[in-house]
Every structure is written in structure tokens, then in C-alpha cells.
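The structure appears right after this line, and notes come after that.
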Amino acid sequence: MPDPVADLRQAFEAAYGEPPAVVVRAPGRVNLIGEHTDYSYLPVMPIAIDRALYVAANATDDGMVEARSAAFEPPAQLSRDAEAEPGQGWHGYLAGALQELRNIAPGRGARLLVHGDLPAEGGLSSSSALTVGVMAALNALWSGGLEPLAIARKAAAAERRTGVETGGMDQAVIALAVPGAALRIDFAPFETRPVPLPEELRLVVASSGEPAAKSGEMRDAYNQRVIGARLAAVLLADQIGIELEERPRLRDVWGIDVVDVLVDELPEQASVKEVARSLGVDAGQLARLGNGLFDAQVRVPVRRTARHILSEANRVDEAEAALREGDLKRFGKLLNESHDSLRNDFRCSTPALDKVCAAMRRAGALGARLTGAGFGGFAVAAARADAVAAIIEAAEKATGGPAFEVRASAGLELL
Ligand code: NG1
Numbered sequence: 001m002p003d004p005v006a007d008l009r010q011a012f013e014a015a016y017g018e019p020p021a022v023v024v025r026a027p028g029r030v031n032l033i034g035e036h037t038d039y040s041y042l043p044v045m046p047i048a049i050d051r052a053l054y055v056a057a058n059a060t061d062d063g064m065v066e067a068r069s070a071a072f073e074p075p076a077q078l079s080r081d082a083e084a085e086p087g088q089g090w091h092g093y094l095a096g097a098l099q100e101l102r103n104i105a106p107g108r109g110a111r112l113l114v115h116g117d118l119p120a121e122g123g124l125s126s127s128s129a130l131t132v133g134v135m136a137a138l139n140a141l142w143s144g145g146l147e148p149l150a151i152a153r154k155a156a157a158a159e160r161r162t163g164v165e166t167g168g169m170d171q172a173v174i175a176l177a178v179p180g181a182a183l184r185i186d187f188a189p190f191e192t193r194p195v196p197l198p199e200e201l202r203l204v205v206a207s208s209g210e211p212a213a214k215s216g217e218m219r220d221a222y223n224q225r226v227i228g229a230r231l232a233a234v235l236l237a238d239q240i241g242i243e244l245e246e247r248p249r250l251r252d253v254w255g256i257d258v259v260d261v262l263v264d265e266l267p268e269q270a271s272v273k274e275v276a277r278s279l280g281v282d283a284g285q286l287a288r289l290g291n292g293l294f295d296a297q298v299r300v301p302v303r304r305t306a307r308h309i310l311s312e313a314n315r316v317d318e319a320e321a322a323l324r325e326g327d328l329k330r331f332g333k334l335l336n337e338s339h340d341s342l343r344n345d346f347r348c349s350t351p352a353l354d355k356v357c358a359a360m361r362r363a364g365a366l367g368a369r370l371t372g373a374g375f376g377g378f379a380v381a382a383a384r385a386d387a388v389a390a391i392i393e394a395a396e397k398a399t400g401g402p403a404f405e406v407r408a409s410a411g412l413e414l415l
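With the first letter of the sequence shown counted as 1, position 24 gets the number 24 in the numbering used here; the numbers rise by one all the way through.
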């Protein structure tokens with residue numbers, strides 16, 4: 001059996017001439033349901049998986065952070081004052097992490113080595129596993145005293161510095177997951193509860209064969225949806241009579257009786273500028289992205305975005321109930337409905353994702369959907385044990401793979 005931790009310790013010694021003081025395991029994640037809901041403060045239900053990134057680290061006193069990895073290129077040599085910018089690849093996540101840790105042990109440095117068996121092509125949260133893992137390792141090395149939840153929050157802030165307006169699901173489940181269960185996460189107020197997975201449930205993930213790295217067009221497409229959700233929230237809140245000063249999210253209007261009707265009356269598309277003008281509010285406060293990168297004149301889809309997000313939040317409630325009751329058929333059906341909504345309303349699926357989901361359903365999956373941001377990346381299928389091998393084979397045949405079974409694993413661990 002390969003032992004990734006022993007290999008990493010050995011590789012660290014070979015690279016830096018001494019054993020690491022700290023080794024951290026940060027798992028990848030697969031979202032079971034609740035897609036594109038987190039940035040509207042609506043619930044999600046991901047698992048941490050049994051594939052992970054491992055970060056080995058030693059402290060130095062030179063105020064520099066050196067990082068090497070077999071999975072990410074090129075090696076990094078960053079000062080503690082490094083600042084993240086979009087388009088810097090993995091250096092951006094490292095710099096964002098350092099910015100968020102600036103108050104901890106100023107002047108100290110570190111040497112890091114990152115290994116893992118988590119595909120880095122996007123979809124299984126390798127970026128968040130990297131950010132959370134590096135921050136946890138540095139926190140341990142520099143005695144920062146941060147709890148896992150604080151690490152998750154700072155890791156989400158660090159990723160936003162790279163230009164993606166992430167909602168915080170990935171970092172939270174990576175930091176807080178428990179083995180054998182999905183984690184239902186609510187964001188306002190922040191609460192998590194484990195949802196034990198039924199014994200007979202198996203989960204398969206399958207690559208669409210297309211990378212979903214968060215750069216360029218993909219980042220713009222993601223951020224456009226975030227803005228569309230915020231515009232929908234203010235327009236609906238205004239209709240219902242909720243105070244606009246508070247920067248409403250779709251969470252604030254979810255479940256209100258008339259909302260389903262009002263959603264259908266939202267504009268198909270709108271820009272931040274148009275909505276601000278129509279409501280007589282300041283465009284900046286209305287839908288500001290963390291890094292101010294969004295152009296207020298760009299028109300984004302509003303109605304379809306809101307329709308997906310609000311219906312998806314209902315599906316999270318229903319899927320949690322189905323899992324607690326052991327109703328696998330119902331759970332599978334909800335995965336299919338989620339995929340349809342992501343494809344037809346939210347429009348973040350691709351022909352390859354549709355194809356791999358269809359192939360897995362035909363091969364016996366109870367349900368299948370894209371997982372994560374979409375626009376490429378991975379799909380997840382729910383199945384009973386006897387169908388797993390056929391599902392993996394069908395998925396690999398459809399897209400070239402890889403496809404493999406995943407198990408709900410522990411979150412962040414200091415080894
Ligand atoms: P990915 O890109 O699959 O890790 C992204 C966001 C999540 C969430 C999902 C969609 C980041 C780091 N993560 O996940 O917060 O919004 O899309 O549900 O941006």
C-alpha cells in the first residue's frame with residue numbers, strides 16, 4: 001500500500017535537508033447537492049473525500065515562504081508581504097493565504113512541500129484544499145491559535161483575493177467534515193450538521209474530460225452568476241419590502257410565499273448599473289465584488305439564476321430528509337433534478353458533463369449531476385454497491401475518465 005505521508009516526509013527531507021515539523025492533510029470535496037447556493041447564503045451538502053493534498057512544513061526566520069509541489073508549478077518563493085492577484089496560478093492561493101495570516105508571527109518564514117492524490121484539473125476543490133492545507137500548516141508552525149472554522153473563513157477570504165467570489169462551502173467542508181457523513185452547511189447564521197450517509201449508498205465521481213480551472217472565462221462566468229444572484233436578491237427584496245441597506249441575499253427571500261411568482265417577473269438580464277438606477281441606490285454598495293473586479297455595465301442573467309438557486313435550496317432540504325430516511329431513490333431523483341436545473345436555468349453544464357451524467361444513469365446510477373462550479377470538471381453519481389463497477393466503466397467510456405468511487409472522509413487533520 002502506498003503511504004502518502006511517509007513519501008511526503010521523505011521527499012521533504014530530500015528537498016530541504018531536514019524532516020518536516022508539521023504535516024497536514026486537507027481533503028478534496030464533492031458537493032452532493034446545493035450547487036451555486038453558498039454565495040446566496042443558502043444551504044449546501046458536500047462531503048470531504050478520501051483523496052487529499054498533504055502539506056509538510058518547517059519554520060524559518062527569514063520572513064520568506066518557499067513552496068514546492070509535484071502537483072503545482074512552478075516552485076514559489078514569496079515574502080510575507082506578498083499580495084494575491086488574479087491569474088497567478090497556485091502562487092495566488094499562497095499569497096492570499098499569507099495576506100490573511102499577516103498578523104500571525106510577523107517576520108517568520110516557512111518551507112513547504114505539497115503532495116497529493118487529488119486531481120488538480122478542477123471540480124474536486126484542489127484550490128481550496130491547497131489554501132486550507134497551507135493555512136493550517138502555517139498556523140500550526142507559527143502557533144497562530146486558529147481553530148478549523150477560523151481557518152476556513154480566512155481561506156475563503158484568501159481565495160476571494162485571487163478574483164473568485166467564492167461562497168465558502170469548499171473551505172468549510174474541508175475544515176469541518178466528519179467521516180461517513182455529508183455536512184449540511186447553512187451560512188446565515190453559520191451552522192453545520194453532519195448528515196450520516198446510508199450504509200448502502202455509494203458515490204462515484206467522473207471527470208467530464210474538460211478542466212474547470214478558475215481562470216479567465218470561467219472566473220468571469222462564475223462571477224457573473226454571483227452578481228446575477230445579488231441583483232435578483234435586491235429586486236425581490238424591494239418587491240417584498242425588505243430593507244435594501246442591508247445588501248440582501250437570496251437567503252432573505254427564500255421561502256416567502258410570493259417569491260415563486262415574483263421570480264418569474266424578474267428581468268431576464270440586467271446590469272448592476274440598471275438595477276441601481278431603477279431602485280435609486282448606489283451601484284457600489286449594491287453588488288460589489290470583494291476585489292471590485294466586476295464591470296457594473298455588464299448585463300448578467302437574473303431570472304434564471306434566481307430560479308435555479310431558490311429551487312436548489314429546496315432540494316437540499318429534501319435531499320437531507322431523503323438521506324436521513326434512507327430513501328436512496330428519492331435522493332437520486334433530486335440529483336437528477338439538480339442537474340436539469342443547472343443545465344437549463346443556471347447554464348453551467350457542458351455537453352461533456354451532460355454526457356457523462358447520462359452514461360452513469362444508463363449504467364444503473366440512482367441519479368447523477370455535475371458537482372462544483374460546472375463549466376467542466378466532475379460529475380457525481382449516487383448508486384447501490386452492485387452498480388458501481390458498471391458506472392465507472394460507462395463514465396470512463398463516455399469521456400476518457402478518470403472515474404472512481406469516493407468515500408465521505410474526515411476534514412482537515414494535523415498528522
Ligand atoms: P468549485 O469551483 O467547484 O471548487 C465553486 C465555489 C463554491 C461554490 C461552487 C458552486 C470556489 C473556491 N468555490 O466550487 O464556493 O460556489 O462553485 O456551488 O470558488
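Beta carbons are placed, not taken as given, at the ideal position from N, Cα and C, and that holds for glycine.
Near residue i, what residues of its chain come up, given a Cβ to Cβ distance below 8 Å and the 5 sequence neighbours on each side ignored?
| i | result |
| --- | --- |
| V428 | Beyond the ends of the chain as shown, which are 1 and 415, falls residue 428; an answer cannot be given. |
| Y93 | A84, S127, L130, T131, V134, A158, E159, T162 |
| D260 | L310 |
| L466 | What is shown of the chain runs 1 to 415, which leaves residue 466 out entirely. |
| K397 | A359 |
| E325 | none |
| I240 | V253, I256, V258, V259, L262 |
Figure out for me which residue from the options has the closest Cα to the Cα of residue i.
| i | options | result |
| --- | --- | --- |
| R108 | M360, G116, L78 | L78 |
| P179 | G28, I49, D186 | I49 |
| A368 | A26, A56, A206 | A206 |
| E426 | T162, G163, L149 | Outside the displayed range of the chain (1 to 415) lies residue 426, so it cannot be described from this structure. |
| F187 | P198, Q171, R202 | Q171 |
| L235 | D257, I185, E265, G209 | E265 |
| G63 | S69, D81, I47 | D81 |
| P119 | P74, F378, A105 | F378 |
| L98 | S278, F72, I151 | I151 |
| E243 | V259, V261, V281, E274 | V281 |
| A21 | Q88, L138, P86, N31 | L138 |
| G255 | D117, P86, D295, A313 | A313 |
Please determine whether the Cβ atom of residue i lies at a distance below 7 Å from any heavy atom of the ligand NG1.
| i | result |
| --- | --- |
| D252 | no |
| T166 | yes |
| M413 | Strictly speaking, residue 413 in this sequence is Glu, with Met absent from that position. Flag unset: Cβ of E413 not near the ligand NG1. |
| A105 | no |
| E35 | yes |
| A175 | no |
| N31 | yes |
| Y41 | no |
| M360 | no |
| M169 | yes |
| A463 | Missing from the structure shown is residue 463; the chain here goes from 1 to 415 and no further. |
| D38 | yes |
| A373 | yes |
| S341 | no |
| A116 | A quick correction: the sequence has Gly, not Ala, at residue 116. No, the ligand NG1 has no heavy atom inside 7 Å of this Cβ. |
| E325 | no |
| G163 | no |
| S207 | no |
| E159 | yes |
| S127 | yes |
| G96 | no |
| G87 | no |
| G228 | no |
| P376 | With the sequence shown as reference, residue 376 is identified as Gly, and Pro is not the correct amino acid for it. No - the ligand NG1 has no heavy atom lying nearer than 7 Å to the Cβ of G376. |
| G144 | no |
| G28 | no |
| G133 | no |
| G109 | no |
CB-CB under 7 Å to residue i, same chain, minus the five flanking residues each way: which ones, in chain order?
| i | result |
| --- | --- |
| P267 | V302, R303 |
| F375 | A212, M218, A221, C348, T350 |
| L8 | V23, Y54, A56, L113, H115 |
| E318 | L334 |
| V5 | V23, Y54, L415 |
Spatial neighbours of residue i within its chain, please: CB distance less than 6 Å, with the 5 preceding and 5 following residues excluded, ordered by chain position.
| i | result |
| --- | --- |
| Y41 | F187, A188, R249, R251 |
| N344 | none |
| D3 | none |
| G400 | G209 |
| R384 | E200 |
| G34 | P43, V44, M45, V316 |
| K355 | A398 |
| L353 | S208, L370, A379 |
Check whether the Cβ of residue i lies closer than 8 Å to any Cβ atom in chain B.
| i | result |
| --- | --- |
| M360 | Structure shown: chain B not included; a single protein chain is present. |
Could you name each continuous beta strand (DSSP E) segment of 3 residues or more that falls completely within the region 348–377, going from the start of the chain to the end?
367–371
Please specify which runs of the alpha helix (DSSP H), each continuous and at least 4 residues long, are wholly inside the region 322–349, giving them in chain order.
328–341
What alpha helix (DSSP H) runs, 4 residues minimum, are completely inside the region 96–141?
126–141
Please list the segments of the beta strand (DSSP E) lying wholly inside the region 49–88, counting only runs of 3 or more residues, in order along the chain.
64–69, 76–79
Runs of beta strand (DSSP E) wholly within the region 178–235 (minimum 3 residues, chain order):
181–187, 190–196, 201–207
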